[in-house]
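**Student:** The structure is given below, and queries will be raised subsequently.
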Amino acid sequence: MTTKQTLIAALLASAFVAFATSAQAECLTDAQAADMVAHYLAKTPAANPENLSDADGACTRAKVNVLLAQRLGKVIGYKAGLTNPAVQKRFNTDKPVWGKLYEGMVLQSGATVDAAFGARPLYEADMLVRVSSAAINHAKTPMEVLESVDQIIPFVELPDLMVQAPPKLNGAGVTAINVGARLGVAAAPMAVPAYRAERYALLQALADMNVALTDGSGVRLGGGKGSDILEHPLNAVVWLAGALAQEGLAMQPGDLISLGSFSPLLPPRAGLSVTATYDGLPGATPVRLIFK
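In structure tokens, the structure reads:
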């Protein structure tokens, strides 16, 4: 038996135990979910999930996440994906999706990352916030989100679309693959100010900021405005709170939340140096990484 076959067999056994009483006919089967996770761990392209409804995608994500947790460990937060209408259009959907983040996924600015960090590696300009209060789960406005986070963190996400034909993924398919969560690189966090007037200024800066990705020579690779994410980047957290509640889940203090993409999804290449800057956001430190 090959190493991959052994891995699939072990994951299958876990999947059958975890889902013996809750199998749903329209999900990927337990065997298909186990095969997908085996490909994720091996960094090889998995078969595309086909013809999934939103409910099917959510069911498949749940199976995949049980298996990922056995290999990757603790959940450290969530990522809201497809929060930018331009990215939604690419995946033929009109609404966001979410996935889980696991320990070890967030690297520090200055990291050197293998350009082949996944089966279908990409990079994008993003942002994290750190939850400080469970009240965030009831937030209905960006200000209510800001009152329940204590850090804003510039972030370049390194997602992995991980399937044989990424252009064929739709929103439910992106959900099924845990929204491609793989890695990301974070700059120094910014503390959320204590005074309300300063918070209003920060809210406006988040909406108006210009986010840019540049290479080592300063050539622009991509970017966008803060308002490209659901008209305000913290609206991604408002959406996430509602989506998690529908599945009986909630954000916890200490969780990191990825807000989505300010830029197109771009392919890495060995030797490329990438810097993300957040012009108009006072105190924001650039994110830097190198692909090897």
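Taking my numbering, the leading residue of the sequence shown gets 434, the next gets one more, and so forth. Even glycine gets a Cβ: it sits at the ideal position worked out from N, Cα and C.
Once the 5 residues before and after Ala630 are set aside, which same chain residues still bring their CB inside 7 Å of it?
**Tutor:** none
**Student:** For Lys533, which three-state DSSP category applies?
**Tutor:** strand
**Student:** If you follow the beta strand (DSSP E) that Val582 is part of, which residue opens it and which one closes it?
**Tutor:** 582–591
**Student:** Report all residues from its chain with a CB closer than 7 Å to the CB of Val470; omit the five preceding and five following residues, and keep chain order.
**Tutor:** Leu444, Val497, Leu500, Leu501
**Student:** Which residues mark the beginning and the end of the beta strand (DSSP E) in which Met560 is found?
**Tutor:** Looking at the DSSP string, the run of the beta strand (DSSP E) that includes Met560 is 557–564.
**Student:** If you follow the alpha helix (DSSP H) that Lys522 is in, where does it begin and where does it stop?
**Tutor:** Per DSSP, Lys522 belongs to the alpha helix (DSSP H) from 518–523.
**Student:** Taking just the CA atoms, how far does Pro482 sit from Val530?
**Tutor:** The straight-line gap from Cα to Cα measures roughly 16 Å.
**Student:** Return the chain-ordered list of same chain residues with a C-beta closer than 6 Å to the C-beta of Ile586, the five sequence neighbours on each side being excluded.
**Tutor:** Leu561, Ala619, Pro622
**Student:** Can you tell me which residues form a DSSP beta bridge with Ala645?
**Tutor:** Gly656, Thr710
**Student:** Does the distance from the C-beta atom of Leu714 to that of Leu692 stay below 9 Å?
**Tutor:** no
**Student:** May I have the straight-line CA-CA distance separating Ile593 from Glu664, to the nearest angstrom?
**Tutor:** Reading off the sequence, residue 593 comes out as Asp, not Ile. Taking the straight line from one Cα to the other gives about 26 Å.
**Student:** Does DSSP classify Lys512 as helix, strand or coil?
**Tutor:** strand
**Student:** From the DSSP secondary-structure annotation, give me the bridge partner or partners of Ala552.
**Tutor:** None, per the DSSP bridge assignment.
**Student:** For Asp648, count neighbouring C-beta atoms within 10 Å of its own C-beta (all shown protein chains included) and say buried if the count is 16 or more, exposed if not.
**Tutor:** exposed
**Student:** If you run the structure through DSSP and keep just helix, strand and coil, what is Met595?
**Tutor:** coil
**Student:** Using the rule of at least 16 other Cβ atoms within 10 Å of the residue's Cβ for burial, across every protein chain shown, is Val707 buried or exposed?
**Tutor:** buried
**Student:** Along the chain, where does the beta strand (DSSP E) containing Gln541 start, and where does it finish?
**Tutor:** 539–541 is the extent of the beta strand (DSSP E) around Gln541.
**Student:** For the stretch 670–678 and the stretch 602–616, state whether three or more C-beta atom pairs, one from each stretch, are separated by less than 8 Å.
**Tutor:** no
**Student:** What are the uninterrupted segments assigned as beta strand (DSSP E) that are 3 or more residues long and contained completely in the stretch 459–517, given in chain order?
**Tutor:** 508–514
**Student:** Counting C-beta neighbours from all protein chains within 10 Å, is the total for Ala519 16 or more, i.e. buried, or is it exposed?
**Tutor:** exposed
**Student:** With burial defined as no fewer than 16 other Cβ atoms inside 10 Å of the residue's Cβ, what is the status of Ser694: buried or exposed?
**Tutor:** buried
**Student:** Roughly how many angstroms separate the alpha carbons of Arg494 and Gln521, rounded to a whole number?
**Tutor:** Going by the C-alpha atoms only, they are around 19 Å apart.
**Student:** Counting along the chain, where does the beta strand (DSSP E) carrying Leu579 start and finish?
**Tutor:** First-last for Leu579: 575–579, but that is the alpha helix (DSSP H), not the beta strand (DSSP E).
**Student:** Kindly indicate which three-state DSSP category Thr545 falls into: helix, strand or coil?
**Tutor:** strand
**Student:** For Val671, which option in Met538, Met576, Leu616, Thr526 has the closest C-alpha, if you only look at C-alpha atoms?
**Tutor:** Met576
**Student:** Can you tell me whether Tyr511 is buried or exposed, with buried defined as 16 or more other CB within 10 angstroms of its CB?
**Tutor:** buried
**Student:** Under the rule that 16 or more other beta-carbon atoms within 10 Å means buried, what is Gly681, buried or exposed?
**Tutor:** exposed
**Student:** Taking the alpha carbon of Asp712 as the point to measure from, which residue in Asn643, Val612, Ile690 has its own alpha carbon closest?
**Tutor:** Asn643
**Student:** Would you mind reading off the limits of the beta strand (DSSP E) that contains Gly617?
**Tutor:** 616–619
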